[in-house]
Each structure stands twice: as structure tokens, then as C-alpha cells.
Amino acid sequence: MRQLSPGVRAALAAIALLGAATIGAQTSGQPTDQQTDQPTGEITDSGDAIENTQIATNTSPETAEETDMVFVSGEDLSVSTRTSDDLFAAGGTIEIVGASADHLFIAGGEIAVRDATLQDLILAGGEVRLSRAVVADDLIAFGSDLFIERGFDIGDTAVLAGGNVRMEAPVGGDLRIGAGEIYVNSPIAGTARLSGDTIVLGPQARIGGDLLYRTENLVIEPGAVVTGRKEQLPAPDYSQPEDAGREMGRLLLFAGLSILLSYAVITIGLVLAAPGLMRSASREMQNRPWRSFGIGALFAFVVPIFALVLFMSVFGIPLGILITVIAIALTPIAFAVAGYCTGMIARRLATRQTEPPATRSARILWPLLGIVALFLLTLIPFLGIFIWFIAMLFGLGALLQRAGGALSAPETRTMASA
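Below is the structure:
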């Protein structure tokens, strides 16, 4: 990862963490077809349900170490797995103790890492505490509170972002931090680029390169040493068109990734919670596409008018609010249905298989592929919003047909039996 810029690495980190959460959600305590009977290391979960997936793991008796990627997820995790490949962990509270991996990707609420041996560490969480571990190459971490303690060695670059960052671990390369409050009290071999409301260099801070900082509140305590030059970076001037455009581009990128992540989570939830509804709605879209489109268009046209009439009345306002909330909630679900159908069509064209996927991973990954494909189409200038609207109408019509059929089925069976 040395040849990649920090921005590119951060983007890859976000994608990898999404993959960790996605694949971790594929299991519900059942082993996959490729899971080994005796995984190396220890994975425990103190919650009611454990989700643990290990993909194509092969344990060598001589090394007692996994040789392929390992995926784990759960509410409360304690992971000590050793692998020569990558390790992915997603959950609420995650504790990494004595683990080793090439790249470790973590997404969780509370994260603690200690006594680990890693090549690279990429994580995102709430409260993050790193202690007594070795990261041979790079550290990329995002969190509300980041505490990197003494005994945590970083061989190359560290890129940190959060609300409160406290760095007391040595860094073998450059250090980049963007946070509200920053405290650095350790040797930094390269350049330190710090941006925050308050920046403090502790008495044991040793900056081997330059100190580039963006703040009005810089405190250098007695004993701190900066070998290179000190330079205060100017605040961004958003009055300039190019700066404003750059910030707008970053905002749109963040918004786009957030929307994509939301659609992915909704799709995974529907596939796991209502697989029959998703399959039947997908078949409805494929078998009777124009009927689905017509019903979706009728719903999109009639419901706003009906809600407006209710709002204009006195007694109909609560019902109008309820209908509006339901209509808004159905919009991302309808797009998820359209993405599921797109993924199933892509699967049929790619594999020539018409029957439903047999494995949980296939039932999740193909719909996610469809969601990503539709999302990329919505990014086309001018046509994107039109594509999104049309896909939403197709999915909404198919969803309403299947939901209506499910509600009317008991009544139909009762009448038939009578």
C-alpha cells in the first residue's frame, strides 16, 4: 500500500469495511460449504446470536495458521485468529487479542486491538483503543475517539480522523490527523500534517520531518522537538470557485457513498428477512414489467394528490402524515427490489442458471451487484435522476403487487374452502 495516496487508501478502506459487514451478515450461525471444522485461533461471541464466516480457510498443521481470508461478525466479538491472508471483523463490540493477519479490516462500535501482529490495519468505529501491537506498514483509522497507546508500533504512515485523537505510539513514516482535538506525544519519523480545533504536542513528541498544521490553537509543550520546519496551513477559502467546487465534489462523494451503503443495507435486510417477497417481486418485474411500471406510476401519481387533499382537511391530517411517511419509506425499498431484479437478471445471463441461488452468499452478492449497477447509472448527468425514478417505479409496482397478493391470499383461500 505504499504506492497509494492516503485518499485512495481511505476510499479502499470504506469499500473493504462495507465488504466485511456484508459478508459477515451472510451467516446466522451456520457454517458455509467451505468452512473448516476447526478454525485457527479463538472467536467468541457473548451475544445471543453469533455470526461467524470463514471463507476457504485451509489450516496447516505445521504453522497452525489460516492461509486464506477470514470473515467474522457478531454483536460482541473476541477474535484471536491467525492468518497469512486478510482478516475482516464487523460487530458491535470487537476485541482483537493476539491475532495476526496481512490486512485487518474492522468495522464496529467499540474496538480494542492488542497483542496483534499485522501488515496493515484499517478500521472505523466509535471508541477505538489500540495498544501493544505491531503494524508493519500503514494504519488508517476513523472514529469518534481514537486512543493509540505506547507499545503500539506503526511501521509506516498513519492516517487518523475523528472527534478526539490521542497519539502516543511511534510512527515510522508520516502522520496525518484530522480531528477536533489532537494530542501527539510520540516519535514521528516523517512529516506530521495536523488539522483540528486544538493541537497539542506533548513533551515526548519528536517530529523528524516538518510540522504542517491548520489551527489557531497550537500548543507545543516543553520537551517537544520539531526537526523540520513549522508551517501553519491557511484555512480553505471557499469563496474561490475551484475550492468551492472541490468541497462540493467531496460532499457529493460522501453523500453518494452514504446512499449506496444505505441501499446495500436495505437490500441485505430484505434478502435475509423476506427472501420470498424479493424473489416473487423480481419474477413479477421480469414476467410483467409494464404492469409493474403502470402500478408504480399510478401509486406515485395518486398518493401525493390524496395526501394533499387530506392535509387540506382538518380531520385527515394524521392520516395524510401516515400515508406520506409510508410512501417515503417505500421508495428505498422499491429501489432495492429493482436492484435485486437487476442482479438476478445479471446472474442468469452470466451463469445461465434460472433457479434461485442455492447459497446464502449468492443470494446476497448478486442483488448487491444489481444495486451497485443501478447506482452507477444514476450518476450519469441529467439521465441519472430519470433512471432512478424509472427503476423506483418498476420496483414499487412489483412490490405492491406481491404485497397485495400476500394480503389477499388468506381471504381467497377462505372463500375457496367455503
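Numbers -25 to -1, 1 to 393, taken from mature numbering (1 follows the signal peptide of the UniProt record, and there is no 0), label the letters of the sequence shown in order.
Ideal Cβ placement from N, Cα and C applies to all residues, glycine included.
Item                                                                                                                                           : Value
Cβ shell of residue 190 (< 6 angstroms), same chain only, five flanking positions each side left out                                           : 171 and 174
CA-to-CA distance, residue 44 to residue 398, given in whole angstroms                                                                         : For residue 398 there is no data in the structure shown, the boundaries of the chain being -25 and 393.
Inter-residue Cα distance where the pair is residue 369 and residue 279                                                                        : 18 angstroms
Stretch-stretch touch, CB-based, cutoff 8 angstroms, three pairs: the segment 316 to 328 with the segment 346 to 356                           : yes
Unbroken stretches of the beta strand (DSSP E), 3 residues or longer, contained in the segment 119 to 187                                      : 127 to 129, 133 to 142, 150 to 159, 167 to 170 and 173 to 176
Residue 281: first and last residue of the uninterrupted alpha helix (DSSP H) it sits in                                                       : 264 to 287
Residue of 108, 91 and 257 minimising C-alpha distance to residue 374                                                                          : 257
Test item: CB-CB of residue 111 and residue 135 under 8 angstroms                                                                              : no
Neighbourhood of residue 307 by C-beta, 8 angstroms cutoff - its chain only, sequence neighbours within 5 removed                              : 237, 238 and 241
Exposure of residue 334, with buried meaning 16 or more beta-carbon neighbours within 10 Å                                                     : exposed
Residue 290, enclosing beta strand (DSSP E) - first and last residue                                                                           : Unbroken run through residue 290: none, as it is neither H nor E.
Residue 328 in three-state terms, based on DSSP                                                                                                : coil
DSSP beta-bridge partners of residue 201                                                                                                       : 182
CB contact flag (residue 103, residue 74, <8 angstroms)                                                                                        : no
Where residue 282 falls, given that 16 or more other Cβ within 10 Å makes a residue buried                                                     : buried
Touching by the beta-carbon criterion (3+ pairs, under 8 angstroms), the segment 178 to 195 and the segment 156 to 163                         : yes
Close beta carbons around residue 377, own chain, < 7 angstroms, minus the five adjacent residues each side                                    : 252, 255, 256 and 259
Beta carbon of residue 234 nearer than 8 angstroms to that of residue 339                                                                      : no
Residue environment, residue 332, which counts as buried when at least 16 other CB atoms sit within 10 Å                                       : buried
Residue 231 - DSSP class collapsed to helix/strand/coil                                                                                        : helix
Where residue 257 falls: helix, strand or coil (DSSP)                                                                                          : helix
First through last residue of the beta strand (DSSP E) which encompasses residue 100                                                           : 92 to 106
Cβ pair residue 121, residue 96 closer than 8 angstroms                                                                                        : no
Contacts around residue 329, its chain only, beta-carbon distance under 7 angstroms, and the 5 residues preceding and following it disregarded : 323
Proximity to residue 57 [Cα-Cα], best of 67, 50, 343 and 71                                                                                    : 71
Status (buried if at least 16 other CB within 10 Å, exposed otherwise) for residue 88                                                          : buried
Cβ distance (whole Å) where residue 131 is taken to contact residue 145 below 8 angstroms                                                      : Rounded, the Cβ-Cβ distance is 12 angstroms, inconsistent with contact.
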